[in-house]
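Peer 1:
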Amino acid sequence: MTRIPVTAVEPVIDCGRYAAKAIVGEDVAVAATVFREGHDQLGATVVLTDAAQREVQRVRMRPGAPGTDRFHATLRPSGIGLHTFTIESWSDPHATWVHAASVKIEAGVDVELMLQEGVHLFRDAASRPEYDPAQQAVLTAAAQTLADEALPVPDRLAAGNSSAVHEVFVVQPLRDLVGVTGPFPLDVQRRLAGAGSWYEFFPRSEGARFDEETSAWVSGTFQTASRRLPEVAAMGFDVVYLPPIHPIGTVHRKGRNNSLTTRDGDPGSPWAIGSADGGHDAIHPDLGTEADFADFVSVAAAHDLEIALDLALQCAPDHPWVQAHPEWFTQRADGSIAYAENPPKKYQDIYPLNFDRDPEGLSAAVLKVVQLWVSRGVKIFRVDNPHTKPLWFWEWLIARVRAEHPEVVFLAEAFTRPAMMHALGRVGFQQSYSYFTWRNSREELANYLAEVTQRTAGYYRPNFFVNTPDILTEYLQFGGPAAFKIRAALAALSNPLWGVYAGFELYEHVARPGAEEYIDNEKYEYRPRDFAGAEARGQSLAPYLRRLNEIRRAHPALQQLQNLTLHEADTEHILVFSKTRTALPEGWHADAETVTDHDYLGPGEDTLIVVVNVDPHTAHEATVRLDLNALGLHQHDLDAAGTFDVEDLITGARYHWGDTNYVRLDPFVEPAHVLRVIRRP
1 MTRIPVTAVE PVIDCGRYAA KAIVGEDVAV AATVFREGHD QLGATVVLTD AAQREVQRVR
61 MRPGAPGTDR FHATLRPSGI GLHTFTIESW SDPHATWVHA ASVKIEAGVD VELMLQEGVH
121 LFRDAASRPE YDPAQQAVLT AAAQTLADEA LPVPDRLAAG NSSAVHEVFV VQPLRDLVGV
181 TGPFPLDVQR RLAGAGSWYE FFPRSEGARF DEETSAWVSG TFQTASRRLP EVAAMGFDVV
241 YLPPIHPIGT VHRKGRNNSL TTRDGDPGSP WAIGSADGGH DAIHPDLGTE ADFADFVSVA
301 AAHDLEIALD LALQCAPDHP WVQAHPEWFT QRADGSIAYA ENPPKKYQDI YPLNFDRDPE
361 GLSAAVLKVV QLWVSRGVKI FRVDNPHTKP LWFWEWLIAR VRAEHPEVVF LAEAFTRPAM
421 MHALGRVGFQ QSYSYFTWRN SREELANYLA EVTQRTAGYY RPNFFVNTPD ILTEYLQFGG
481 PAAFKIRAAL AALSNPLWGV YAGFELYEHV ARPGAEEYID NEKYEYRPRD FAGAEARGQS
541 LAPYLRRLNE IRRAHPALQQ LQNLTLHEAD TEHILVFSKT RTALPEGWHA DAETVTDHDY
601 LGPGEDTLIV VVNVDPHTAH EATVRLDLNA LGLHQHDLDA AGTFDVEDLI TGARYHWGDT
661 NYVRLDPFVE PAHVLRVIRR P
C-alpha cells in the first residue's frame, strides 16, 4: 500500500482482470478514494499511458462531496489501443499550509511562525527542478513577500495564496509522499466500437420481385441491394447490418410466419444456416458470388458505410458440419440431434452447437470462419444469441481476432438475464443489445438510462435498437406514427449507439396475433418495400431519422455514454435529460503526437437538452427544472435574469431558458425538444 492509501478506483473491472472500455475522444470518468491520517491536505493525479508505455495524459483529480474522500477526473483518450492508467496520491504541502496559516493567523496564534513556515515552503518549492524559471520567479517573489516584516500580515499571507501562485500549482502541484496505485487497463477502441447508427436490412428483399409468368419470387441480390446503400447513407447511418447471407437449409425449412409447412419458393430463415451449397464460409447463391459481395462492401465504403455481418453459431440439419462433425451437436436419447428451443418458441430448422463436446476443434472452426469474413472486408460482427455459448469461448475468440485485427467489433445480441449480458461485455463484446426496447414510461426510461450510463458503462455498452425482425413492441403496435418518432428520438439522443430495422421508417406496426413480432415476417419471406415512394408521399419517417443522425454527427456530446444527466419535470409523461461535453479539464494535457482525430477531439463545450413526451396519444404540459451546474453553464453564460438562449434543432425555434421552464409537447405535432445551449462568447 502507498503512504497515502488509494481504494475503490473506477473504472476497474473485476479487480483489473478485464479492461474497462472507452472509445477514442470519449470522456472517461475516473474516481478514487484517497485518504490518510491526520488533517493534512491531499491531492491526486490520474496518469494515462498508451500501449508503448508513453505517458499521454496527466489530469489532476478534483475532490468530490466533502467528507467522502472521493476524487474525480476526466480522461479523454486521443489514440486507440490498450492503455493503462494509474492514480498518483500525494500530500499537498501548499494547501496544508494555506489552511493552517489562515486559521491560526485569523485567531492570532503563531502568526510569525506560520509566515516563516510559508517562507521555507516557497523557497524549497522554488529550488525544485520541476518548476521552470518563470514559475520559480513567482514562488521566490511569494517567499520574499512572506518574509517582509514591514508589510501588513494580511498582505504577507495573501502573497502565499495569490492567483499567480495558484496558476503555478495548477500546472505543477507541489507534491510530497507521492505514491502510485495501479496500473489499471483501459481498452480504447475506434469510434464505431462505441458510437454509431445502425441500419438493418435483408439483401434478399432489396430488389426482390414476383415473376407473374412463373408465379415465383425472384430473390434480390447484392447488386440490387447495393442500390439501397446511398439512401441508407443519406439518412446518416454508419453501419449496415446484414442478417446471415449464407446458404439456407432445406430440411425442416420454415414457411411464412414460422409455419412448419413450406410452399414452393419459400426462402426459409437466414438463421437456418447451411445446405449442400455450403456453410458459414459460403454465400447464398441467390445473392451472388464472392466478387459480388466484395463489390457490395466497396459500394458501402464509398458511402462511408461499414458492413456488419451476422455471426450465428448454429446449423441447419443439412449444414456440412452436421455430417462431418456430429460431435459438435447435442444428441438426444433417441439418437436425434436436439434442435433449438426458447419455450414456447421452437426452431426445428436449427441445430445449436455444443462447445463441451469438442471445444478445441469447434473453436478453431469458428475462428477460421471469422478470419475469412474479416479478409472479405467485414470488420463488425453482430453475434446471434451469444448467451447460449460459453463465456470462455467468447473471451478466447474475441482476443484472438482482435490480436491480429484490433479494429474488429463484436455486438452481442443477448436478450437475457443481466448477469450474462454484463459478463459478455466483460469478456470482450464491445456492445450489446439492451432492454431499452421495453422501457417505455418515464420512470422505466429514467431508471434504465441511469443504470447504463453510470453503473455499468465501464464494461457494458448498450445499442438501443428501436425494433428488430423479432421485436415489435405493443408501444409501436398501438402508438401510431408519434410512437415511432418518440422511440427514435429517445434512442438516437440518449445513447451513442442506436439501431433501426428496415420498415421502421414506414411505420410498419402490424403484429402476428399472439406474438410480439411482425406479421408476414421478413425472416421467412421476401419483403420488398417502396421507401422512395413513401417518402415522396410524405408517409415516411426517413426525414426525421436523417435529422436525428445529422444532429448526432454535429454534436460530440451525443457520442458519449457517461455524460447523461436526468432533470426534473412535474408530470410523469415528460422525460428530460441533458448531455454535455465539457471543455478540456483543468490541468489536462496530452502528447500531441497521439491525437488522431482532431475534429472529434474539439476542445469546445457542447450541451444539449432533450425534452420528450413519452405518451404518443396525448399532449402534455410540464414545468421543467434544470440543474445548471450539470449543463456546464458559468455565470458569464447567463444574462441578468439568469437565463440563457437555446435553439431547437428540430424546429429551429429559439427560447430563453433558465433553471425553471414551461413546456408543452404535442406528439401529433412534435413530441420532443432537442435544445442546443447557446453559450455567450
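When we follow UniProt numbering, the leftmost residue of the sequence shown carries the number 1, and every step to the right adds one. Note that the Cβ used here is the ideal one computed from N, Cα and C, for glycine as well.
#1: Mapping DSSP to helix, strand and coil, what is Y448?
#2: For A31, which of helix, strand or coil comes out of DSSP?
#3: Within the chosen definition, does the region 576-583 reach the region 547-567 through at least 3 CB pairs nearer than 8 Å?
#4: Have a look at R204 and E213 and give me their C-alpha separation to the nearest angstrom.
#5: Between L186, L311, I87, P152, which has its C-alpha nearest H72's C-alpha?
#6: May I have the straight-line CA-CA distance separating P152 from E112, to the nearest angstrom?
#7: L391 lies in the alpha helix (DSSP H); which residues open and close that run?
#8: Going by DSSP, name the residue or residues bridged to G43.
#9: S269 to T289, Cα distance in whole Å?
#10: I need the straight-line Cα distance from T49 to E26, nearest angstrom please.
#11: Following the continuous alpha helix (DSSP H) through V170, name the residue where it begins and the one where it ends.
#12: Straight-line CA distance for F296 to P230?
#13: Is it buried or exposed, D310, if we count other Cβ atoms within 10 angstroms and call 16 or more buried?
#14: By Cβ distance, which residues of its chain are closer than 7 Å to A534, with the 5 residues on each side in sequence left out?
#15: Taking contact to mean 3 or more Cβ pairs, one atom from each stretch, closer than 8 Å, check whether the region 249-263 and the region 516-532 are in contact.
#16: Could you pull the start and end residues of the alpha helix (DSSP H) that H422 belongs to?
#17: Near Y655, what residues of its chain come up, given a Cβ to Cβ distance below 7 Å and the 5 sequence neighbours on each side ignored?
#18: Taking Q189 as the reference, which of G207, H284, V46, K21 has the closest Cα?
#19: On the CB-based measure, 16 or more other CB atoms within 10 Å of its CB, does Q135 come out buried or exposed?
#20: Rounding to the nearest angstrom, what Cα-Cα distance links G652 and T623 in this structure?
#21: Out of curiosity, what's the CA-to-CA distance linking A365 and D349?
#22: Relative to the C-alpha of N549, which candidate in I650, G503, V103, N563 has its C-alpha closest?
#23: Determine the contact status of V408 and R400, defining contact as a CB-CB distance below 8 Å.
#24: Span of the beta strand (DSSP E) holding V180?
#25: Under three-state DSSP, which class holds Q116?
#26: Hey, which unbroken runs of the beta strand (DSSP E) at 3 residues or more fall wholly within the region 286-339?
#27: Please report the distance separating the alpha-carbon of D637 from that of T660.
#28: Count the CB pairs spanning the region 405-423 and the region 458-465 that are closer than 8 Å, and state whether there are at least three.
#29: Name the one or two DSSP bridge partners that P63 has.
#30: Under 8 Å Cβ to Cβ from I55, same chain only, skipping five residues before and after it: list those, please.
#31: Let's see if you can read the secondary structure: which residues bound the beta strand (DSSP E) around I245?
#32: Assuming L490 and V612 make a contact with CB atoms under 8 Å, what is their CB distance in whole Å?
#33: Taking contact to mean at least 3 C-beta pairs separated by less than 8 Å, is the region 305-322 in contact with the region 234-250?
#34: Find out if the Cβ-Cβ distance for the pair W373, A312 is shorter than 8 Å.
#35: Reducing DSSP to helix, strand and coil, say where E26 ends up.
#36: Which class does E10 belong to by DSSP, given the choice of helix, strand or coil?
Peer 2: From the atom records:
#1: Walking along the sequence shown from the start, residue 448 turns up at place 448. Here Y448 sits in helix by DSSP.
#2: Mapped onto the sequence shown, residue 31 falls at position 31. Of the three classes helix, strand and coil, the one that applies to A31 here is strand, per DSSP.
#3: yes
#4: Translated into positions along the sequence shown, residue 204 becomes position 204. Translated into positions along the sequence shown, residue 213 becomes position 213. Answer to the nearest angstrom: the Cα atoms are 20 Å apart.
#5: As a first step, residue 72 is located in the sequence shown; it is residue number 72 there, counting from the start. Nearest C-alpha to H72: I87.
#6: Counted from its first residue, the sequence shown places residue 152 at position 152. Counted from its first residue, the sequence shown places residue 112 at position 112. The straight-line gap from Cα to Cα measures roughly 12 Å.
#7: Taking the sequence shown and counting its residues from 1, one reaches residue 391 at position 391. Here the alpha helix (DSSP H) through L391 covers 391-404.
#8: Within the sequence shown, the letter at position 43 stands for residue 43. Looking at the DSSP assignment, G43 forms a beta bridge with W90.
#9: As a position in the sequence shown, residue 269 is number 269, starting the count at 1. As a position in the sequence shown, residue 289 is number 289, starting the count at 1. Looking at the two C-alpha atoms, the distance is approximately 20 Å.
#10: Taking the first residue of the sequence shown as position 1, residue 49 is located at position 49. Taking the first residue of the sequence shown as position 1, residue 26 is located at position 26. Approximately 16 Å, taken between the alpha carbons.
#11: In the sequence shown, residue 170 corresponds to position 170, counting from 1. First-last of the alpha helix (DSSP H) with V170: 163-171.
#12: For this step, residue 296 is matched to residue 296 along the sequence shown. For this step, residue 230 is matched to residue 230 along the sequence shown. Taking the straight line from one Cα to the other gives about 12 Å.
#13: The residue you call residue 310 lines up with position 310 of the sequence shown. It counts as buried.
#14: Locating residue 534 in the sequence shown gives position 534, where the first residue counts as 1. L506, S540, listed in sequence order.
#15: yes
#16: Against the sequence shown, residue 422 aligns to sequence position 422. That run of the alpha helix (DSSP H) goes 418-427.
#17: Residue numbering aside, residue 655 sits at position 655 when the sequence shown is read from its first letter. Only V646 meet the Cβ criterion.
#18: Stepping through the sequence shown from its first residue, residue 189 is reached at position 189. Checked all of G207, H284, V46, K21; the closest Cα to Q189 is K21.
#19: For the purposes of this step, residue 135 is taken as residue 135 along the sequence shown, with counting starting at 1. Looking at its Cβ environment, which holds 16 or more other Cβ atoms inside 10 Å, Q135 is buried.
#20: Residue mapping note: residue 652 aligns to position 652 of the sequence shown, counting from 1. Residue mapping note: residue 623 aligns to position 623 of the sequence shown, counting from 1. Approximately 21 Å between the Cα atoms of the pair.
#21: The sequence position of residue 365 within the sequence shown is 365, counting from 1. The sequence position of residue 349 within the sequence shown is 349, counting from 1. Approximately 21 Å, taken between the alpha carbons.
#22: Translated into the one-based positions of the sequence shown, residue 549 becomes position 549. Per the Cα distances, I650.
#23: To locate residue 408, count along the sequence shown from 1; it is residue 408. To locate residue 400, count along the sequence shown from 1; it is residue 400. In this structure, R400 does not lie closer than 8 Å to V408 by Cβ.
#24: By one-based count along the sequence shown, residue 180 stands at place 180. Its beta strand (DSSP E) spans residues 176-189.
#25: For the purposes of this step, residue 116 is identified with residue 116 of the sequence shown, where counting begins at 1. Looking at Q116 - three-state DSSP - the assignment turns out to be helix.
#26: 306-311
#27: Position 637 of the sequence shown, counted from the start, is the residue given in the question as residue 637. Position 660 of the sequence shown, counted from the start, is the residue given in the question as residue 660. Answer to the nearest angstrom: the Cα atoms are 16 Å apart.
#28: yes
#29: Mapped onto the sequence shown, residue 63 falls at position 63. Beta-bridge pairing links P63 to F71.
#30: On the sequence shown, residue 55 is found 55 positions in, with the first residue counted as 1. It is worth fixing the name first, because residue 55 is Glu in this sequence and not Ile. V47, L48, T49, D591.
#31: Here residue 245 corresponds to residue number 245 of the sequence shown, with the count starting at 1. Premise fails: I245 is in no beta strand (DSSP E) and is neither H nor E.
#32: If you number the sequence shown from 1, residue 490 lands on position 490. If you number the sequence shown from 1, residue 612 lands on position 612. Right, the Cβ-Cβ distance comes to about 6 Å (below 8 Å), so this counts as a contact.
#33: yes
#34: Stepping through the sequence shown from its first residue, residue 373 is reached at position 373. Stepping through the sequence shown from its first residue, residue 312 is reached at position 312. No, the Cβ-Cβ distance between W373 and A312 is not below 8 Å.
#35: Start at 1 with the first residue of the sequence shown, and residue 26 comes out as number 26. In this structure, E26 counts as coil in the three-state DSSP scheme.
#36: On the sequence shown, position 10 is the one that residue 10 refers to. E10 falls in the strand class under three-state DSSP.
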